[in-house]
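Read top to bottom, the protein sequences are chains S and C.
Numbering-wise (the numbering used here), the first sequence opens with residue 1 and increments by one.
Numbering-wise (the numbering used here), the second sequence opens with residue 1 and increments by one.
To start, the structure under review is shown below, and the notes come after it.
2 protein chains.
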Amino acid sequence: MTERTRRPGPRIEEVARVAGVSKSTVSRVINGEKYVSERSRQSVHRAIALLGYSPNHAARTLAGSKANAIALVISEQGSRVLADPFFAGVLRGVHAELAGRHVQLLLMMNQPLDGQDQVAYLTGGHVDGALVVSLHGEDPLPRTLHEAGLPIVVGGRPLAGGTVPFVDSDNFNGSLEAVRFLVSLGREKIATIAGPRDMAVGMDRLSGWRCGLAEHGMAVSLVVHSDFTPEAGALAMEELLRRAPDLDAVFVAADIMALGALRVLQARGYRIPTDVAVVGFDDSVLASTAVPPLTTVRQDLEQFGRTMTWRLLAELAGEEKLPLSMLLPTSLVRRSSA
Amino acid sequence: MTERTRRPGPRIEEVARVAGVSKSTVSRVINGEKYVSERSRQSVHRAIALLGYSPNHAARTLAGSKANAIALVISEQGSRVLADPFFAGVLRGVHAELAGRHVQLLLMMNQPLDGQDQVAYLTGGHVDGALVVSLHGEDPLPRTLHEAGLPIVVGGRPLAGGTVPFVDSDNFNGSLEAVRFLVSLGREKIATIAGPRDMAVGMDRLSGWRCGLAEHGMAVSLVVHSDFTPEAGALAMEELLRRAPDLDAVFVAADIMALGALRVLQARGYRIPTDVAVVGFDDSVLASTAVPPLTTVRQDLEQFGRTMTWRLLAELAGEEKLPLSMLLPTSLVRRSSA
DNA sequence: TCGGCACCTGGGAGCGCTCCCAGAATCCGC
DNA sequence: GCGGATTCTGGGAGCGCTCCCAGGTGCCGA
C-alpha cells in the first residue's frame, strides 16, 4: 500500500507548474542558457525560491553530457610530512573557488593498490575533470589522465614536462629573492639544503639559489640534497658544516627541514642569525613558532588551490587561449633567523 | 548525423548479455544480494572483469533509494591552526576505510555564508550520511543534521551532549596519564595551559589534569585557558609563571601551544626538563621537531577517521545496537621535555 | 499426490533530469 | 508586403540503473 519512497523536495515539474512554464524552460534558466525571456526567468527564480527547489544531481548527470563534479586527487608518493599543511591550505582554496557553482568535489587518494581502478573511474565519465596534487615530480598519473583526454590541472610542476597544464608557486624566483636578500645582508658563504632531485619543487628552489649566487660570482658548491623531514634536514646541516664550518648563511628549501638545521646549528654553538643566517621556504606554521622565528619564503596555498580550480573550470567552460601553466608569486617574510 | 555523445564504457545490459543472464541478475550480483546461484554469480563476475565494467554512479543513485555517497563536512569555526594536521590525518583514515566500497566521498567546508544551503543539500538526498568534523563544541550543525534525520557521525565530542553519535580521542584519560607520569617523576607543582572553554577537547583535557592531581591530593588552581596558537600559549605560560614562579611541570593541552610555552620558559632561563617538565598533547609534527623534543600524548588521527567512517557505514547498512559514541585510546610518547 | 516454502530468474516501469526537435512569436531589411 | 533570421517555448525520448512483480524450479512434510 505504501508508495515507493521518494527523495524529499520538489521536482523540476513542480517548479514549472508554479512558474507557469514548461520544464524545458526551467531547465534553461537553471543552466543559464540564453533564449529565455526575462519574464520567464523571473518567474522561474521566484518559483525556485518559493519551493526551495534544488536540482537533483544524479538526474542531471545521468541525462546530461557532463558529470557536474570534479575530483581532487591526492597522489601520495611518500613525503606526507610536506603534504599535510600544504594539502589543507590548497583544499581551502579549491573549496572557496567552487562555492556557489553546482559542482561536487570528489576526493580521491592515490593508494598504490587501486591505481588501475582510479584511472578507470576518473576517465569513465564520473567527473568532468580533475585536480591532481602531486608533489612527486615523476608521478605518471597526470600524464595518463591527460592522455586519456580528461581535463586536468596539476598542482606542482611535473618533472616530465610536456603539455600537462599545471599551477605552481614560483619556486625559482622565491629562492632567488631569498638568496639576494642574504647577499644584501653581506653574507659571503651561502649554502643550501635542497629537496630531493626527483621533485620539481626541490629542483626549482635549487635553481633559484644557484642563480642568485651566480649573479654575484659566488661559488655554488655548498649543496646537500635532503628529503622533507626535520631529521634529514639535521643530517644535511651536519654534512654542510663538515664541508664548510665557516659558512655564514644557509638557504633551506623547506621550513620543516630548516627546523632540523636550526637545531644542529644551535647545538654546535652557532648564533643565529649573527654567525649563520637561515632562510626557509613555505611559511608554514612551523616557521613562526621556530626558535628563533624563521625568515622564510611565503607561498599562498589558498591562492594555489583557487588558481588550480579556476583554471580547470575555465577549461571545462570551453574557454580558449588559457595559459598552459601558471606560476604564483611568492614573498619573503622577514623574521629573526636572517 | 552524429549520434548523441555517450559516456564511454559498457552498460549493465552488455554485461548481462556476455554473462548470459538478465540485467536484474547482474544488478543483484553487484549489490551483493542473496538469491543468486553460484553459477550466475561467477559468470557475472567474469563478464564484469572481461568488459571492465564499472557501474554508473548517477544512474544507481537516481534509480535506487540511496545516494551511494557520504559527505565529509569540515565545520570551520576558527582554530584552523589546530585543524590543519588534524584534518589531513583524519582524511587519510576516512579514505582508507572507504576503499573498495562503491561510495563516493564528497567534501564540504562549512563557510559562514552557505550554512542554509548546506543543510538543504545534505538533507536533500544527495548523500546517505555525513561525517562532521567539528572542533568547535557548540556548533549547531551536527544537531541540525541529526534532527533532520540524516545519519551522521561527529568527529570530536559535541559540547551540547545529547544523542548525536560521535567519535573522539580519549582526551580525559590521555591527560590523566600525562599527569600521572609527571607525578611519577616527582613533580609537585603541576600547572596546565588548557584549551578554550567552548571546545570539548579543551574541557576534557582539563578534566584529566584535574583528576590526576586530585588523585594525589594536589592543588588544582594553576590553570590558564588559552586558544590553540603558539602566541596564546606563550602568553598563558607567562601568566602561569607570574602566579607560580616555582612551578616544576606544566601540562599543555596542545603541542602547538606547548611551543609557545617552551619558548617563554627558555627565555626566562628555566631548564627543560630539569627545572620544568613539559608535556604536550597531539603528537603532531611539531612535537618531534621542538627543542627539546616534546613529550606528548599521542592520538591516532588515521584511526580516528577510520572509526568515524566505520560507524557511519555500519549505521547505513542497518546494523543495530551500535555504540552511540566511541572514545579512542591515546598513548604517552616520551621524548626529552619530561 | 499436492500444497507450501525457499530459492532463483527475467521483464519492465520509472527515478528526475537534459537536450533534440518542431513550431510559435517577433523583428529585420528589401 | 514578404521571406528569412532570431528569439523563445513546449513536448517527449531516453540517460543507466534499481526494484517490484510475476513466475519458474526444486524440495519438504502432510
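The beta carbon of each residue, even a glycine, is placed where N, CA and C say it ideally should be.
Please name the residue in S/E238, S/I70 and S/M109 whose C-alpha comes closest to that of S/A130. S/I70
Express the C-alpha separation of C/F172 and S/V29 in angstroms, rounding to a whole number. 54 Å
Mind checking if S/A261 is an interface residue toward chain C, Cβ cutoff 8 Å exclusive? no
Give the secondary structure of C/T274 by DSSP, where H, G and I count as helix, E and B as strand, and everything else as coil. coil
Which class does S/A258 belong to by DSSP, given the choice of helix, strand or coil? helix
Could you check whether the stretch 229 to 240 of chain S touches the stretch 202 to 215 of chain S, counting it as contact only if at least three pairs of C-beta atoms, one from each stretch, sit closer than 8 Å? no
From C/A59 to S/S54, what does the alpha carbon distance come to, in whole angstroms? 18 Å
How would you call C/L141, buried or exposed, if buried means at least 16 neighbouring beta carbons within 10 angstroms? buried
Which residue comes first and which comes last in the alpha helix (DSSP H) that contains C/T307? L301 to L316
Select from the stretch 291 to 302 of chain S all residues with a C-beta closer than 8 Å to any C-beta belonging to chain C, and list them in chain order. V291
Using only the alpha-carbon positions, how far apart do S/A178 and S/L332 sit? 7 Å
Interface residues of chain C facing S/F87 [CB-CB closer than 7 Å]: A88
Could you check which residue in C/G149, C/L135, C/L150 and C/P245 has the C-alpha nearest to that of C/D198? C/L135
For C/S169, which beta-bridge partners are listed by DSSP? C/L328
For S/S169, which residues in the same chain have their Cβ closer than 6 Å to its Cβ, ignoring the five residues on either side in sequence? Q299, L328 and T330
Taking a cut of 7 Å between CB atoms, which residues from the stretch 121 to 152 of chain S lie near chain C? Y121, G124, G125 and H126
4-residue-minimum alpha helix (DSSP H) runs that sit fully inside the stretch 82 to 141 of chain S, ordered along the chain: 115 to 121
From C/I12, C/A47 and C/K34, residue whose alpha carbon lies closest to that of C/V18: C/A47
Tell me whether C/T163 sits in a helix, a strand or coil according to DSSP, three-state version. coil
Presumed contact (8 Å Cβ cut-off) between S/A258 and S/L222, rounded CB distance: 16 Å between Cβ atoms; not a contact.
Could you give the DSSP three-state label for S/F251: helix, strand or coil? strand
How would you label S/A334, buried or exposed, when you count the other beta carbons within 10 angstroms and need 16 or more for buried? This sequence places Arg at residue 334 of chain S; Ala is not what is there. With fewer than 16 Cβ atoms within 10 Å of its Cβ, S/R334 is classed as exposed.
Just to confirm, is the Cβ distance from S/R251 to S/V90 under 8 Å? The sequence shown places Phe at residue 251 of chain S, rather than the Arg named in the question. Not in contact: S/F251 and S/V90 (Cβ atoms no closer than 8 Å).
How far does the alpha helix (DSSP H) with C/S288 in it extend, from its first residue to its last? V285 to T289
Can you name, in chain order, every residue of its own chain whose Cβ lies under 8 Å from the Cβ of S/L247, other than the five neighbours on each side? K189, I190, A191, L222, L240, L241 and V276
Does the beta-carbon of S/R311 have 16 or more other beta-carbons within 10 angstroms, so that it is buried, or is it exposed? buried
Which residue wins for smallest C-alpha separation from C/S325, given the options C/P165, C/V127 and C/E97? C/P165
Reference S/D283, options S/L262, S/P273, S/A234 and S/A254, closest by Cα: S/A254
Contact with chain C by S/L286, beta-carbon distance below 8 Å: yes
Of all the options S/N56, S/L72 and S/G9, which has the alpha carbon lying nearest to the alpha carbon of S/L50? S/G9
Using a Cβ cut-off of 7 Å, which residues of the stretch 40 to 71 of chain C contact any Cβ in chain S, in chain order? G52, S54, H57, A58, A59, T61, L62 and S65
Can you pull the chain S neighbours of C/G155, defined as C-beta to C-beta under 8 Å? What C/G155 touches in chain S: nothing, since even the nearest Cβ is about 15 Å away.
Would DSSP call S/S54 helix, strand or coil? coil
Contact list for the stretch 94 to 112 of chain C against chain S, Cβ threshold 7 Å: H95, A99, Q104, L105, L106, L107, M109 and Q111
Pick from S/V44, S/N31, S/S37 and S/K34 that is closest to S/V15, judged by C-alpha positions: S/V44
Counting only beta-carbon atoms, is C/D227 nearer than 8 Å to chain S? no
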